[in-house]
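Heads up: the sequence shown at position 12 corresponds to -2 in this note's numbering, and the numbers run straight through without jumps. In what follows, a structure is listed as C-alpha cells, so that the remarks can point back to it.
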Amino acid sequence: MRKSFRSSAFSLVAAVLSSSATTTAADRTVTWHYNVLSKKSALGEQIKIKQCETLTFEWSEMMPHDVVEFVGGTTKSRKTRLKDCQQGQSGGTKEGLTDILNQGSYNFSPGTSTTWRYLYCSVGSHCSGGGMKAVVRVMPDFVSKYDGFACAVQNAKRLRKFKKLSSAGICRRRCRNNCMGFQYNGSTGECVLYKTAPKRGSADTNVKCWAAMESCS
C-alpha cells in the first residue's frame, strides 16, 4: 500500500527539504532547494529512513546545486561541520555525490549501514545562507526478532550497555546511530546494543534479542 509522506517541517516555507511525492517503505523523494535556514535546527532537516530505503534528492531551479557528504572523522566532528557549514578538510573529509547541475537528481541509499549521514550543498553560500543541509538518520529495520532468546554474544560486537531501562521499547529506541541490534532482559532491565547484527543464542524467557537486516536483497 502506498501512502503520502509529509512532515510538518517539510511544509514550512523556511524548510530546506519538502516532500514532493508519495512514498512507500522503500522509496522517498524530497526537493532540494535554496531557501531560508530553518529555525528548527542548525543542522537543517532531520530525515528518517530505514536500512535499504532509497532517498531521492531532486532539484530544477535556475540555480546550480549538488549533494555532498561530510565523511571521515567522528560523528561529533561531522555534526559540527554540518552545523557550521565547514567545507574545509579539518576533522574529516568531504565526498561529492553529484556534479554541480542546474537540474538534477540523486538516489541516496545507505544499504544495510545504520550510520547517520550528513549531507549539504557545497555551492557558494547555499549551506550557510540557504540552509541546504540535512541529517539522514538511517534507522535499523529489525527483521529478526528472537523473543525468549538471548543474543549469541560471540557473534556480535557490543556498542553500548544500559544497566537498567524500564522496557524493551525504550531499549529498542536507544538502538540508533551505528546500531544493528539489541538484547533486553526484562527481569533486570539490562539493555545491550550491538554494532553488528546479533544471532540467536540460548533460550531465556526473560530476554529479547532483535537483529537488523544484514542484506538488502
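From the three backbone atoms N, C-alpha and C, an ideal C-beta is built for every residue, glycine too.
Just verifying my parser: in three-state terms, what is the DSSP assignment at Lys69?
helix
Proximal residues to Gln72 (C-beta, below 8 Å), its chain only, five neighbours per side dropped
Thr66
Is the region 83 to 98 in contact with the region 42 to 53, if contact means three or more CB pairs nearer than 8 Å?
yes
What does a CB cutoff of less than 6 Å around Ala7 pick up in its chain, not counting 5 residues either side in sequence?
Residue confidence for Ala7 is low, a pLDDT of 37 falling below 50, so the modelled location carries little weight and cannot support an answer.
Strand pairing of Asp133, partner residues [DSSP]:
Lys194
May I ask you to verify whether the region 138 to 153 touches the region 101 to 121, counting CB pairs closer than 8 Å and requiring at least 3?
no
Under a Cβ-count criterion, where at least 16 other Cβ atoms within 10 Å of its own Cβ denotes burial, should Ala189 be classed as buried or exposed?
exposed
Distance, Cα to Cα, Val124 vs Leu41?
11 Å
Residues in its own chain within less than 6 Å of Leu179 by CB, not counting five upstream and five downstream?
Leu145, Arg146, Cys161, Cys165, Phe168
For Glu31, is the classification buried or exposed, using 16 other Cβ atoms within 10 angstroms of its Cβ as the cut-off for buried?
buried
Go to Arg158, then tell me how far its alpha helix (DSSP H) extends in each direction, as first and last residue.
154 to 160
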